[in-house]
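Remarks on the structure that follows.
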Amino acid sequence: MRLASTGTITHGVAVGEVLGVSTLAGARLIAGERGLDRIVQRLNVMEVPDILAWVKPHELLLTTGYPLRNTPQSLDRLVTDLDDRGLAALAIKLGRYLDELPDEMVEQADRLGFPLIQLPDDVGFDDILNQVLTDILNRQAAVLARAEEAHRALVQVVLAGGGLREVAAEVAGLLDVAVAVVDGAGQMLAAAGPPEYVAAMRGVPDDRRTVVPVVAGGHHHGRIVAYGPAGAVDDNDVGILERAATVAALVVTRQEAVNAVESKYRADFLRDVLTGRAGTSERVASRAAAFGWDLERPVVVLVAELDPESDERTAQDRLISCWSAALRRHDPRGAVAGFSHEVVAVVDAAADAVRLAKDAAAAFSECLPATFSTGASRTATGAEALPEAYGQALKAARVGRQLHGPGAVAHFDQLGVYRLLSLVSDTAELHAFVRETLGQLASDDDAENADLRRTLQVLLETNLNVAETARRLHFHYNTLRYRIGKLERMLGNFTEDAHLRLNLTLALHVLRMRGI
1 MRLASTGTIT HGVAVGEVLG VSTLAGARLI AGERGLDRIV QRLNVMEVPD ILAWVKPHEL
61 LLTTGYPLRN TPQSLDRLVT DLDDRGLAAL AIKLGRYLDE LPDEMVEQAD RLGFPLIQLP
121 DDVGFDDILN QVLTDILNRQ AAVLARAEEA HRALVQVVLA GGGLREVAAE VAGLLDVAVA
181 VVDGAGQMLA AAGPPEYVAA MRGVPDDRRT VVPVVAGGHH HGRIVAYGPA GAVDDNDVGI
241 LERAATVAAL VVTRQEAVNA VESKYRADFL RDVLTGRAGT SERVASRAAA FGWDLERPVV
301 VLVAELDPES DERTAQDRLI SCWSAALRRH DPRGAVAGFS HEVVAVVDAA ADAVRLAKDA
361 AAAFSECLPA TFSTGASRTA TGAEALPEAY GQALKAARVG RQLHGPGAVA HFDQLGVYRL
421 LSLVSDTAEL HAFVRETLGQ LASDDDAENA DLRRTLQVLL ETNLNVAETA RRLHFHYNTL
481 RYRIGKLERM LGNFTEDAHL RLNLTLALHV LRMRGI
């Protein structure tokens with residue numbers, strides 16, 4: 001849209017159209033033919049030498065040449081200055097004050113594509129002003145009326161319950177072009193218009209399409225794209241696309257509100273299922289089917305839990321949408337819902353759970369630096385087995401994060417001894433076992449204790465192979481022998497006592513799982 005400097009007139013007529021009005025029937029184009037498509041939005045009269053301070057963009061400047069009569073040598077510079085200020089054209093009466101325009105001025109106008117027009121002697125400026133301004137205002141009134149009519153039609157579409165598809169169809173019919181609504185990722189949500197133009201729309205360069213953003217509540221929800229036989233739509237029709245973008249934003253926010261309510265119902269129901277409070281198997285199956293879920297087949301429970309460093313306020317919604325999209329691709333009948341800081345999915349046991357988690361992680365990483373860890377349960381059959389499976393998946397996610405760091409994907413059956421330790425519900429007893437077994441090495445208060453604990457861990461991992469342990473820790477052999485003696489004075493003769501070594505190994509495992 002070509003906006004005027006005052007903001008009061010937003011449409012105009014091309015210079016070539018201005019030359020077609022009756023009062024300018026005898027006008028002659030002297031130079032600047034390439035600029036006939038420049039838009040005229042207002043008119044001005046030049047009768048003072050310092051006119052540059054008073055001109056505005058998209059003006060048609062009229063003059064008798066009186067201010068220029070004494071300075072013909074500066075006329076070529078005048079063309080450059082007027083062009084720099086965005087004027088549409090200069091129309092001048094010759095014969096009374098100026099007999100002709102200098103060749104330099106004509107050549108400069110041709111180079112810049114700045115129209116120079118010779119006005120007929122018998123036409124008054126008031127006639128030109130009246131007729132051209134009337135045409136401009138009539139054009140603007142017609143455009144505004146058409147935009148208002150389109151707005152009323154689009155509002156009726158929404159009031160009748162229509163969605164993005166109906167909005168796109170209405171705009172396509174009004175403008176006789178192909179119209180598409182795409183989301184922020186470029187995915188086409190709805191399209192209407194001639195099929196050949198809809199199909200060609202994606203491969204068309206941006207300068208041949210018209211694109212208007214869909215914004216609501218300060219959030220960018222996507223774009224409306226229009227493309228027709230002539231490429232981008234006419235500037236006068238951009239206003240209709242902007243009205244359509246506003247209506248599309250209303251549709252999007254309405255759908256988001258509906259989705260939020262439905263998402264809450266789904267999350268509440270799935271939470272009840274996973275905590276064993278949803279009722280009988282028949283009731284669970286019936287309500288699940290209403291959501292499009294199949295919970296009667298063999299399934300696996302997946303828990304995706306945001307890692308502690310993530311910003312939950314911005315990441316949780318994105319986490320839900322990424323998992324929902326990935327689940328639709330892998331298992332359309334699977335269940336998915338978001339809880340406070342995690343997403344839980346119940347998927348077909350035959351589905352590739354690891355691939356599903358990686359697809360969700362790939363989509364999640366495109367927009368946010370946050371990460372999440374994923375845990376998978378054993379196969380569960382029937383609603384009554386889902387609470388136990390949920391607990392397994394949650395344990396797997398948390399233990400996997402402790403063992404492998406943020407972004408881990410772990411299966412409950414692959415946790416080994418950590419699976420057994422995670423099943424101990426009395427964590428106080430576990431911590432007491434660590435203190436009794438490791439003594440002062442259980443504390444991190446002293447940096448030397450942590451260093452000695454590391455030495456002990458590597459010794460146990462290498463099955464007391466002193467040479468291999470020294471190599472891993474970059475110690476001299478004698479230094480390691482000294483450390484082993486110190487550890488035995490603190491912990492007992494673990495190099496000879498296999499049961500003590502087992503206890504020490506378990507205690508170190510529990511320490512590694514701290515916080516679970």
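Residue numbers (full-length UniProt numbering): 1 to 516. Positions of the beta carbon are idealized from the N, C-alpha and C atoms, including for glycine. For clarity, every value in this text was computed on a predicted model and none was experimentally measured.
Collapsing the DSSP output to three states places His151 in a helix. Between the beta-carbon of Ala467 and that of Tyr477 there is about 7 Å, and that keeps the pair under the 8 Å contact cut.
Counting C-beta pairs with one atom in each stretch, the stretch 316-333 and the stretch 403-414 have fewer than three that are closer than 8 Å, which means they do not touch. Straight through space, the alpha carbons of Val179 and Arg165 are spaced by roughly 10 Å.
Closest in alpha carbon position to Ala450, among Asp121, Gly32 and Leu487, is Leu487.
Apart from sequence neighbours up to five positions away, the residues of its chain that approach Val21 with a beta-carbon distance below 7 Å are Gln131, Val132 and Asp135, ordered along the chain. Note on Ala192: 16 or more other CB atoms within 10 angstroms of its CB, so buried under the neighbour-count rule.
Relative to Gln187, the option among Leu87, Met201 and Pro194 whose CA is nearest is Met201. With contacts defined by Cβ atoms closer than 8 Å, Leu421 and His330 do not form a contacting pair.
Apart from sequence neighbours up to five positions away, the residues of its chain that approach Leu274 with a beta-carbon distance below 7 Å are Val344, Leu386, Pro387 and Tyr390, ordered along the chain. One Cα belongs to Ala380, the other to Gly276, and the distance between them is close to 14 Å. Inter-residue distance for Ala91 and Asp237 is about 30 Å (C-alpha atoms, whole angstroms).
The alpha-carbon of Leu500 is positioned some 30 Å away from that of Ala397.
By the 16-neighbour rule on beta-carbons within 10 angstroms, Ala226 is buried. The Cβ neighbour count for Leu52, taken over all protein chains shown within 10 Å, is under 16; the residue is labelled exposed.
For Lys264, the number of other beta carbons within 10 angstroms of its own is below 16, and it is reported as exposed.
The beta carbons of Glu59 and Ala31 sit no closer together than 8 Å. Only buried fits Asp83, as 16 or more other CB atoms lie within 10 angstroms of its CB. For Ser443, there is no enclosing alpha helix (DSSP H), as DSSP marks it with neither H nor E. Straight-line measurement puts the Cα of Ala248 at about 10 Å from the Cα of Gln255. Beyond the five residues adjoining it in sequence on each side, Leu452 comes within less than 8 Å, by CB distance, of Leu441, Arg483, Lys486, Leu487 and Met490 in the same chain, given in chain order. Note that the stretch 214-223 does not touch the stretch 108-128; fewer than 3 beta-carbon pairs, one per stretch, sit closer than 8 Å. Glu342 is bridged by DSSP to Glu305. Contact annotation, Val458 with Arg472: C-beta distance approximately 5 Å; criterion of less than 8 Å satisfied. Going by DSSP, Pro213 is part of the beta strand (DSSP E) stretching over Thr210 to Ala216.
DSSP places His499 in the uninterrupted alpha helix (DSSP H) bounded by Ala498 to Arg512. Going by beta carbons, Leu306 and Leu319 fall inside the 8 Å limit. In this structure Phe412 is not in contact with Ala304, their Cβ atoms being roughly 15 Å apart against a cut-off of 8 Å. In this structure, the beta-carbon distance from Leu250 to Gly222 does not fall below 8 Å. Distance from Val399 to Ala383 at the Cβ level is roughly 26 Å; contact not present, criterion being Cβ atoms closer than 8 Å. The straight-line gap separating the alpha-carbon atoms of Gln108 and Leu62 is approximately 19 Å.
In the pairwise beta carbon analysis, the stretch 101-119 is classified as not touching the stretch 135-145: fewer than three pairs are separated by under 8 Å. Val15 is positioned such that its CB atom lies closer than 8 Å to that of Arg38. Cβ-Cβ distances below 8 Å link Arg287 to Phe269 and Ala278 in the same chain, with the five nearest sequence neighbours on each side left out; the list follows chain order. Between the alpha carbons of Pro332 and Val346 lies a distance of about 11 Å. In this structure, Val157 lies away from Gly239, with their beta-carbon atoms at least 8 Å apart.
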